[in-house]
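Peer 1: Sending over a structure as C-alpha cells; questions will come in a sec.
6 protein chains.
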Amino acid sequence: MSIVITGTKRISPEILRAFAPFGVATVHEAQGRTGLLASYMRPIWAGARLVGSAVTVSVPPADNWMLHLAVEQCGAGDVLVVAPTSPSDAGYFGELLATSLAALGVVGLIIEAGVRDVAALGDMKFPVWSKAISAQGTVKETLGSVNIPLVCAGQLVHPGDLIVADDDGIVVVARGSASEVLAASEARERKEEATRARLKAGELGLDVYGMREALAKKGLKYQPAPAED
Amino acid sequence: MSIVITGTKRISPEILRAFAPFGVATVHEAQGRTGLLASYMRPIWAGARLVGSAVTVSVPPADNWMLHLAVEQCGAGDVLVVAPTSPSDAGYFGELLATSLAALGVVGLIIEAGVRDVAALGDMKFPVWSKAISAQGTVKETLGSVNIPLVCAGQLVHPGDLIVADDDGIVVVARGSASEVLAASEARERKEEATRARLKAGELGLDVYGMREALAKKGLKYQPAPAED
Amino acid sequence: MSIVITGTKRISPEILRAFAPFGVATVHEAQGRTGLLASYMRPIWAGARLVGSAVTVSVPPADNWMLHLAVEQCGAGDVLVVAPTSPSDAGYFGELLATSLAALGVVGLIIEAGVRDVAALGDMKFPVWSKAISAQGTVKETLGSVNIPLVCAGQLVHPGDLIVADDDGIVVVARGSASEVLAASEARERKEEATRARLKAGELGLDVYGMREALAKKGLKYQPAPAED
Amino acid sequence: MSIVITGTKRISPEILRAFAPFGVATVHEAQGRTGLLASYMRPIWAGARLVGSAVTVSVPPADNWMLHLAVEQCGAGDVLVVAPTSPSDAGYFGELLATSLAALGVVGLIIEAGVRDVAALGDMKFPVWSKAISAQGTVKETLGSVNIPLVCAGQLVHPGDLIVADDDGIVVVARGSASEVLAASEARERKEEATRARLKAGELGLDVYGMREALAKKGLKYQPAPAED
Amino acid sequence: MSIVITGTKRISPEILRAFAPFGVATVHEAQGRTGLLASYMRPIWAGARLVGSAVTVSVPPADNWMLHLAVEQCGAGDVLVVAPTSPSDAGYFGELLATSLAALGVVGLIIEAGVRDVAALGDMKFPVWSKAISAQGTVKETLGSVNIPLVCAGQLVHPGDLIVADDDGIVVVARGSASEVLAASEARERKEEATRARLKAGELGLDVYGMREALAKKGLKYQPAPAED
Amino acid sequence: MSIVITGTKRISPEILRAFAPFGVATVHEAQGRTGLLASYMRPIWAGARLVGSAVTVSVPPADNWMLHLAVEQCGAGDVLVVAPTSPSDAGYFGELLATSLAALGVVGLIIEAGVRDVAALGDMKFPVWSKAISAQGTVKETLGSVNIPLVCAGQLVHPGDLIVADDDGIVVVARGSASEVLAASEARERKEEATRARLKAGELGLDVYGMREALAKKGLKYQPAPAED
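Chains as they are written, first to last, in the working numbering: chain A, 599 to 827; chain B, 599 to 827; chain C, 599 to 827; chain D, 599 to 827; chain E, 599 to 827; chain F, 599 to 827.
Structural data, given as C-alpha cells:
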C-alpha cells in the first residue's frame, strides 16, 4: 500500500502570494469555520508563519525514511504535511532535513509528531508546527506514502491543498476552493478594519454589531449589584 | 438563569497599585498558599503580568456572545475572568475584543478556554492567560451571565476579587482580604530580600533557615559514597 | 529509607567542557538512541542549555525540604536532578534556591515537577527543565534522599552521571560511558558537517545517504498523478 | 487556616430518599444544566450510585490525615467530598477508611485524587468516584480543613449540599435549592416517560419535539445523494 | 454549509452479516493496518460489538440538534458516526435517542464526544463507543450536516462505509473495499486458526513463524546471565 | 546494543506462593512506599491479579518482534514486563501471544504500551496491565533486548524481580528484598486485621491510631457551624 505520487498539482504562486496578508483565524472564518487542525499542533518558534501548497507524507510510527523520499517531490512554495499511521512523538525531523528543504524553496513543515534541533530550526527561521519536541531518534525500516490524501491532526489534507499557518494554528483549504476563500478572506478583513477603528474609539461591540435587540429577545436580564455585598 | 449584574464593587486603584511589585508566588504564599488557578492556565506571551479587579463571565461552550456583553460592564483596572459552563478550547477572544477592552482601560483577560490572534495580542502587549490557543470560531446563540461568582480553573472567583497574574500563573484574592494579603506580601518580600543576600554570598539555606535540628530530629542520615563505585 | 550520600564521584571538568558543543540529539544518537528523558520535560526559557554532573534528589510530593539539603552536596559543574516519589506539579523551586545554587557554581536544574519565579530564573539565565510551571507552595515535613539512583522522567539516573540538556530535551549518559559517547558524538558531528554542505547545495538525501537501492528492494512504487484531479 | 467545623446542617432524610429515583443527568438538567463535576471523576465500580449530604474535606497533596478527622464529623446519609489543595493522584483512601465510614452509615466518597483497595471496595459495594486509582501511600503530616466550602473537580461544594452520583458522573445541588430541584426532576421524569413511549413506538423525535419548523427557519437543506457515488 | 443528504448507499445486509465473526484487529490487519479510529474511543460497556453501515453526523460543539435529524435518515443495519466541529465532551446522547434508534434497527453509535445515561444504555445493550462519559446537557441552536464525509477520531468516514467495533476499538472500511477486506479477513482468520493450535501445543512463535534466520541476519546476540548477579 | 540474556535467576516458587494473599497496596507500603508503577497502567479486565518473576523486554516503538523472542526465555511463574524505547500505544500483544505464554505457564503481562484482543484475553483469564487498548498492528523490523534492566512506567525493573499486580496497579520488589518485604507484608496484614475489626465496630480511626494528641500539637482547631447559615 506504499506509493509515491509524482507530479501532483500545486496552488499557483499568485494565489500563495495573495494569501500572505491573512491569518489562520481569518481564513478559517472565511471558509465557514472549517479546516482547522487540532490545537495541540504548535509552532516551535514564536512568530512563525507560512502559506504553502501541501506535499503530504504518511509515515510509520518512529520511522522517518519517507521524509527523505518526500523531499525529492518538493519544490518552491511547497509545505510538507506529515502524519504517522499510529501516534508517535519521536523526533522525525531536524536541521539536516530542514537544510535540504530550504535549499529547494520549501516554505515549512506541518507534522503530527515530534521534531528536534529546534534551536537550529529557529536560527534558520524554518517554520515548523508539530505535536511534540523530542530528540528521540527514528529508524529507516518501513515504507509509507507520499502525496496521498491523509488525515493530519483531525483534518483531511489532499496533496496540493493550500496550507496557512501562524501562531494561532493551521488551516487547510481545498485546492479547488482557494480562490473563493481568498475573496471571502479579503471581504472579512475589510469589514474588520472598519470595526477595529470604531472599537478603538471606544464604541461598544454591542452597538457596532447591533446585538441589543437579539439579546433582549433571548430574555437577557440586567440587575444591579446589591448595595452592600 | 442568565443575568448581567451591573455596578459591582471594585478593588480600589490604590490597592491595585500597591500590589504591582508582587508576583503570583509571593501573593499565593502570603495568603496561606491558597487561591492559585490550575497550572494549565498559561500566558500567551512571556513577561505578561497584571493586577486587576475581576469582572466574571460565565459562557456557554464555543459561544462568545457574553464577552461582548461583559465589555460594557468593564472599566479601567478591571480584568475579565471567563469560564465556560462545559469544557471548550474554542477561540473565544481575539484582537478585536482586545482592542475594545484596551480602549476602556481593562488590564487583561483570564480565560479557561481558547484565544486567537495571539501574535496581534502580543504586539498590543495585551495580557492574556488561557487554557488553549485556537483559531476555532465561536457562535453567538446562547446566553450566559456576567458578574456572578464562578469557578475558573479550579478556583472560586467573585466579581470584584483581586487577580494577580504573571509567568508563574494566576492567583485570586477575595476582595475583603486584599489589604491583609497586601501587608503579608510586603512582609514576605522584605524577609526574602534579606535571605537572598545571604544565599548570594554563599551561605546555605540549611543555616539561613536553621533547618539542621529539625532534620536531625526526623532521623536524617548521612553516609559517604563508597570509595569505588 | 531516607539518606544523604556525600562525596559522590563527578564527571571531570575536562569531559564536561568537551561535551559543550554537542546537542542532546547528537549525544542521544551517539549512545545508540538511548538515555532520553520524557518529552514533557521542557526548558522554562528558550535557548537554555547545560552540561553537568548529576546530583540526584528524591523528594516527597509537594515537599521541597530535601532541595535545601541537596544544595549542601553541590559544587561547580553539578546539575540537580529531582524526581518526586509520586507525581506532583507543585512549585518546588524558585529564585532563592537558584540564587543559592548559582552562588555554588551549579549549572542548572532538571525536575520532574513544577517550578516558579520563572521570569526571575530567565533574567538570571539559570537553566531549568521542568514538567510544569506552578506557583503552588510546598511544605517541609517529610524526608527524602540525596545522591541515590532514581528514575527521572522515565530514565534511570545515578549520581555523577553526565546530563546534557537543551531546547530538544534532556539526555543522561552513564558516568562510565562518558568518554566513549564523547568520541562517538565527535564522529557523528564530523559526518553531519559534510552531509550538511551537500544538502545545502541542493543534493538530495536519497543520494547523499544512498537510499535508492534499499527502497527499491522494499518494493517502493512511483506513480504519476492523474492528468486531471 | 486549618479548621474543623462541627455540627453542620444536613439535607433531610426525606429529601435524600425522594431523590433516589433520579439520575445525575436528570438532576443536572432539572437545575438548569449546572452543578456537574468534571467528567474525569469516574466510579470505581460499574453501577455505583448515591444520594447524600456533603461533608467536605480539604486535604494537602498526598497527605490523608484529614480524612481520619472527617470521619468523626460524619453520620448516616453523609457523603465525603474531598479535594486536595494542589493536584495529587495518590491513594488517599482504601478499605479500612471505607469500613469505618460504612459503620457510621456514610453512603460514599467523592474524591478529586486517588483511591486504592478498589477490589475490596467493590466487594463491599462502597460507592466511590475518584480521579485516579493508585496504590500510592500517603503521609499524615499536614493539617487541612473539614466542612469548609471548597471546589471539587470544578464545582463549588458547601457542607450540607446535596450530592447525586451515578455512572454518568456527579452533580451537586445547593442545600437551599434541593426541594425546588426535586420538583423539577420529578416533572422532567414524567415528561420523558411519555416521550420514551412514543419513540419506542417508532415516532421520530423531530415530530415528538416539533422541531421541523425551527429547523426550516434556520435554513436546513435536504439533498438527495447522487445516483452513482 | 449545513445539509442533510438523503438516500445514501448502504453496505448490503449480506456483507454486514458476513463480517459478524471478525474482530476489529482482524479487519484492521486485513486491510493493511489502516482505518483504525484513535484509541481514546472506548466502548461504554464491556463486550459491546457491532458491524454497521455509517450514517455520518457533523455536529457543533455541545449542540445535539443534528442527532435528531440524523435519526430520520437511519434504518436497519446503520450505525451513527458523530464528530463535533470543535472538540467537546458534552453528553450529546442518552437513553431517549437510543430508544429511538433501537426502534429503527440502528445497531449502535460511534461518537467523538460524550454520552450519558450509560447505565440505561448498558441495560438496553445498545452499543456505544465514545470519547467521554458526561451528563453535561447540550443545546439545540446551531445546524450541522448529515451524511457528508467527515473525520471522526482521526479517520475519514464516508456515509455508507463499513464500521466494525468491539472492545479493541473501531475500524472503518471504505464501502468499495468491503468485499475485498472480507475475503482478506477470512483468509487471515483461517491462518491464525492453525497457528493458534500449534502455539497452544507449546510450539514457539519463533519456529511457527520461521523467524530465526531473519533475526540472526539482523545480528541478534544471545548471552548467558552471569553465574552470580 | 540488542541482546537476549538467557538463564536469568528467578524468584523461587515458594516465595511467589507466599505473596499470593497480599495486594499491591500492602506490598508497596511494606517496602516503604516504593516500587509502584505509574497509575496509567491499568488491568484490561477487572479482578485480574498476579504474582510473578519478571522477564523484561525492551521493544522499539510499534514493533513487537522481540516479544516472540522473549517467549522462548519464559517459563512457569514468569511475568513479561515490556517497555518501548520511545512512547507507543500500538497493540503489541494479543490472543495468539497470550496462548503461547499460557502454554508455557507464564502468569501475565505488564506492558507500557497497547494490547488488543482484550475480549479474548478476558475470556482466557490471562492477566494483562497496559497503558492503552488499541488494535493498531505492529511491524517486525527492529531488534530490542530481553532480560536487561529497564524502566517500565517510571520504575526500574531487573529480570528476576518480583512483580505483584492487581486492580490497584503494579508494584516491583527487587529480587534480593523479596523475603524481607514478604515478612513486612505479613506483619502489616496482621496489624490491619485487628484495626479492621475495631473500625467495623464503630471505633474511630482517631482513637484506634491515637492521633488526637499529634493533631492538637499541630494546632488543629474545632469550631461549631453558625446556628443559621
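Glycine included, every Cβ here is placed at the ideal spot set by N, Cα and C. Note that the structure is a prediction, hence the values are computed from the model and not measured.
List, in order along the chain, the chain E residues whose C-beta lies closer than 9 Å to that of A:Val749?
Peer 2: Simply Val749, Gly752, Gln753 and Leu754.
Peer 1: Could you pull the start and end residues of the alpha helix (DSSP H) that F:Pro682 belongs to?
Peer 2: F:Pro682 -> not in any alpha helix (DSSP H); beta strand (DSSP E) instead, spanning Asp676 to Pro682.
Peer 1: Using the C-alpha atoms, what's the distance from F:Leu760 back to E:Asp827?
Peer 2: The predicted model places E:Asp827 with a pLDDT of 49, which falls under 50 and marks its position as unreliable, so this point remains unresolved.
Peer 1: Tell whether a beta-carbon distance below 8 Å holds between B:Phe620 and B:Glu787.
Peer 2: yes
Peer 1: Return helix, strand or coil for F:Ala781, following the three-state DSSP convention.
Peer 2: helix
Peer 1: Does the beta carbon of C:Thr604 come closer than 8 Å to any beta carbon on chain D?
Peer 2: no
Peer 1: Let me know the secondary structure DSSP gives C:Glu693 once reduced to three states.
Peer 2: helix
Peer 1: Decide yes or no for the touch test of the region 646 to 653 of chain A against the region 806 to 825 of chain A: beta carbon pairs closer than 8 Å, at least 3 of them.
Peer 2: no
Peer 1: What residues match up with F:Tyr638 in a beta bridge as DSSP calls it?
Peer 2: Paired residues: none, contrary to the question.
Peer 1: Would you mind sorting E:Pro659 into buried or exposed? The rule is 16 or more other CB atoms within 10 Å of its CB.
Peer 2: buried
Peer 1: What number of angstroms, rounded off, separates the C-alpha of C:Ile731 from the C-alpha of C:Met664?
Peer 2: 19 Å
Peer 1: Span of the beta strand (DSSP E) holding E:Gly706?
Peer 2: Gly706 to Val713
Peer 1: Rounded to whole angstroms, how far is the Cβ of E:Val749 from the Cβ of A:Leu741, which I believe are closer than 8 Å?
Peer 2: About 24 Å separates the two Cβ atoms, so there is no contact after all.
Peer 1: Over the uninterrupted alpha helix (DSSP H) stretch that includes A:Gly650, give me the two end residues.
Peer 2: Counting along the chain, A:Gly650 falls outside any alpha helix (DSSP H), though it belongs to the beta strand (DSSP E) covering Leu648 to Val657.
Peer 1: Quick check: the Cα distance between A:Glu710 and A:Pro685, rounded to an integer number of angstroms?
Peer 2: 8 Å
Peer 1: Give me the Cα-Cα distance between F:Gly735 and C:Asp766, rounded to the nearest whole angstrom.
Peer 2: 29 Å
Peer 1: Take C:Phe724 and list the residues in its own chain whose beta-carbon comes closer than 8 Å to its own, dropping the five residues that flank it on each side.
Peer 2: Ala696, Leu699, Ala700, Gly706 and Leu707
Peer 1: Considering Cα atoms alone, identify which of E:Leu804, E:Met639 and E:Ala717 is closest to E:Ala681.
Peer 2: E:Met639
Peer 1: How would you list, in chain order, the residues of chain H whose beta-carbon sits under 7 Å from the beta-carbon of A:Asp715?
Peer 2: In the displayed structure, chain H is absent; the protein chains listed are A, B, C, D, E and F.
Peer 1: Give the secondary structure of D:Asp764 by DSSP, where H, G and I count as helix, E and B as strand, and everything else as coil.
Peer 2: strand
Peer 1: Using a beta-carbon distance cut-off of less than 9 Å, what residues from the region 682 to 694 of chain F approach chain C?
Peer 2: Thr683, Ser684 and Pro685
Peer 1: By the 10 Å Cβ neighbour count, where 16 or more other Cβ atoms means buried, how is D:Asp661 classified, buried or exposed?
Peer 2: buried
Peer 1: E:Leu804 lies in the alpha helix (DSSP H); which residues open and close that run?
Peer 2: Gly803 to Val806
Peer 1: Cβ of E:His626 less than 8 Å from any chain F Cβ?
Peer 2: yes
Peer 1: Applying a beta-carbon distance threshold of less than 9 Å, which residues of chain D neighbour F:Ser775?
Peer 2: Result: empty, since nearest Cβ-Cβ is about 17 Å, beyond 9 Å.
Peer 1: Just the chain C side, please: which residues come within less than 7 Å of B:Ala623 by C-beta, in chain order?
Peer 2: Neighbours of B:Ala623 on chain C, chain order: Gly689, Gly692, Arg714, Asp715 and Ala733.
Peer 1: Per DSSP, what are the beta-bridge partners of D:Leu748 in this structure?
Peer 2: D:Val755
Peer 1: Just the Cα atoms here: how many angstroms apart are E:Pro641 and E:Trp727?
Peer 2: 4 Å
Peer 1: What residues match up with C:Trp663 in a beta bridge as DSSP calls it?
Peer 2: BP columns for C:Trp663 are empty, so no partner.
Peer 1: Within 10 angstroms of the Cβ of A:Gly633, are there 16 or more other Cβ atoms? Answer buried if so, exposed if not.
Peer 2: buried
Peer 1: Figure out for me which residue from C:Gln629, C:Ile609 and C:Asp764 has the closest Cα to the Cα of C:Val779.
Peer 2: C:Gln629
Peer 1: Mapping DSSP to helix, strand and coil, what is D:Lys607?
Peer 2: Under the three-state reduction of DSSP, D:Lys607 is assigned to coil, being neither helix nor strand.
Peer 1: Can you name the residues of chain D whose CB is closer than 7 Å to the CB of F:Ala730?
Peer 2: In chain order: nothing, as chain D lies at least about 16 Å away.
Peer 1: Quick one: what's got a C-beta closer than 7 Å to D:Ala829's C-beta in the same chain, skipping five residues either side?
Peer 2: Residue 829 of chain D lies beyond the stretch modelled for chain D, which goes from 599 to 827, so this question has no answer here.
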